[in-house]
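J.: Dropping the structure in here first, questions after.
Chains as they are written, first to last, in the numbering used here: chain A, -3 to 153; chain B, 3 to 107.
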């Protein structure tokens, strides 16, 4: 019997030297210019990443072999102050259309050339729910459970 | 980057990683974890607190002792990873904003 725990959202705040509108624009339209290449779930190395700047738009990566790997979709698009993205990647690093966790990013002007950026990734318990739906997959050797188990074995050896 | 590296990037501190490794081998009380480690018991408690806050380990009372263990099916590992993930993503975003600014006429 596992107790139900609602994990706290992941929260990150930073201040950038840019007007609010430009911070929003670089984050959204300029997504591929800054999204780290290592933040990839595709099998092929990541060539670029795209965030379609509209409600219902997708955010996804394009691999060097031309393959596309979807991360989720745009739920809220309110320039220049707010965007909410659906993160639809499960604990196995696969796109799952039935899984929706939310990443909200708020842009607040602190001055004419300073913007506070607040990111919140919430509803993380849905990752667990999705994992339980696919229990077999979660317990596969590449899943979190499997990784920790192998790690435990290695540590105990 | 292999998932393992992503995950254990959250355990970059070598002592904290040692603490976690000991728990990976099985549940332990603080005293047992601290034994043989080159740091004080309060330091081990501090590492345990960080690991607990990250959701990587859980604890339970057993008599007068507190016993720590990792939770392989918990969300701690993925949450810790996401925290690192967004941290480095936002660093990259900030870097691009500053770089872009320098290129402005």
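Yeah, the Cβ is synthetic: ideal placement off N, Cα and C, and Gly gets one too.
#1: Give me the chain A residues within the contact set of residue 91 (chain B), using Cβ-Cβ distance strictly less than 9 Å, ordered along the chain.
#2: Do you know offhand how far residue 98 (chain B)'s Cα is from residue 36 (chain B)'s?
#3: So residue 82 (chain A) contacts chain B; which residues on that side make the cut at Cβ distance below 8 Å?
#4: Checking 8 Å against the spacing of the C-beta atoms, do residue 113 (chain A) and residue 6 (chain A) come in under that value?
#5: Answer with buried or exposed for residue 66 (chain B), where buried requires no fewer than 16 other C-beta atoms within 10 angstroms of its C-beta.
#6: Spell out whether any CB of chain A is found under 8 Å from the CB atom of residue 17 (chain B).
#7: Nearest to residue 59 (chain B) by CA position, among B:39, B:18 and B:95, is which residue?
#8: Is the Cβ-Cβ distance between residue 27 (chain A) and residue 101 (chain A) less than 8 Å?
#9: If I follow the unbroken alpha helix (DSSP H) through residue 24 (chain A), where does it start and stop?
#10: Pair every Cβ in the region 103 to 110 of chain A with every Cβ in the region 83 to 94 of chain A, then say whether three or more of these pairs are closer than 8 Å.
#11: By Cβ distance, which residues of its chain are closer than 6 Å to residue 83 (chain A), with the 5 residues on each side in sequence left out?
#12: Classify residue 43 (chain B): buried if its beta carbon has 16 or more other beta carbons within 10 angstroms, exposed otherwise.
#13: Beta carbons nearer than 8 Å to chain B: which residues of the region 13 to 26 of chain A have them?
#14: By the three-class DSSP mapping on this structure, what secondary structure does residue 105 (chain A) have?
#15: Which one or two residues does DSSP pair with residue 83 (chain A) in a beta bridge?
#16: Helix, strand or coil, according to DSSP, for residue -2 (chain A) in the structure here?
#17: List the whole-angstrom C-beta distance separating residue 50 (chain A) from residue 73 (chain A), where the pair is believed to meet the contact cut-off of C-beta under 8 Å.
#18: Alpha carbon to alpha carbon, how far is residue 61 (chain B) from residue 60 (chain A)? Give it in angstroms, no decimals.
T.: Let me spell this out:
#1: As a first step, residue 91 (chain B) must be located in the second chain, where it is residue number 89. Simply 8, 30, 31, 32, 35 and 115.
#2: Position 96 of the second chain, counted from the start, is the residue given in the question as residue 98 (chain B). Position 34 of the second chain, counted from the start, is the residue given in the question as residue 36 (chain B). Whole-angstrom Cα-Cα distance: 43 Å.
#3: Counting from 1 along the first chain, the entry for residue 82 (chain A) is found at position 86. Simply none; closest approach about 14 Å.
#4: Residue numbering aside, residue 113 (chain A) sits at position 117 when the first chain is read from its first letter. Residue numbering aside, residue 6 (chain A) sits at position 10 when the first chain is read from its first letter. No, Cβ-Cβ distance for residue 113 (chain A) and residue 6 (chain A) is not below 8 Å.
#5: Stepping through the second chain from its first residue, residue 66 (chain B) is reached at position 64. The residue in question, residue 66 (chain B), is exposed, as its Cβ has fewer than 16 Cβ neighbours within 10 Å.
#6: By 1-based counting over the second chain, the position of residue 17 (chain B) is 15. Not an interface residue.
#7: Position 57 of the second chain, counted from the start, is the residue given in the question as residue 59 (chain B). The residue with the shortest Cα to Cα distance from residue 59 (chain B) is B:18.
#8: Residue mapping note: residue 27 (chain A) aligns to position 31 of the first chain, counting from 1. Residue mapping note: residue 101 (chain A) aligns to position 105 of the first chain, counting from 1. Going by C-beta atoms, residue 27 (chain A) is not nearer than 8 Å to residue 101 (chain A).
#9: As a first step, residue 24 (chain A) must be located in the first chain, where it is residue number 28. Run containing residue 24 (chain A): 16 to 24, per the alpha helix (DSSP H) assignment.
#10: no
#11: Position 87 of the first chain, counting from 1, holds the residue named residue 83 (chain A). Correct list, in chain order: 68, 97 and 99.
#12: On the second chain, position 41 is the one that residue 43 (chain B) refers to. So residue 43 (chain B) ends up on the exposed side.
#13: 13, 14, 18, 19, 22, 23 and 26
#14: As a first step, residue 105 (chain A) is located in the first chain; it is residue number 109 there, counting from the start. Residue 105 (chain A): strand per DSSP, three-state reduction.
#15: On the first chain, residue 83 (chain A) is found 87 positions in, with the first residue counted as 1. Per DSSP, A:97.
#16: Numbered from 1 along the first chain, position 2 holds the residue referred to as residue -2 (chain A). Residue placement at residue -2 (chain A) cannot be trusted, given a pLDDT of 38 that sits under 50; the coordinates are not used to answer.
#17: The sequence position of residue 50 (chain A) within the first chain is 54, counting from 1. The sequence position of residue 73 (chain A) within the first chain is 77, counting from 1. The pair is a contact, with the Cβ atoms about 6 Å apart (cut-off 8 Å).
#18: For the purposes of this step, residue 60 (chain A) is taken as the residue at position 64 of the first chain. For the purposes of this step, residue 61 (chain B) is taken as the residue at position 59 of the second chain. Their Cα atoms are separated by approximately 45 Å.
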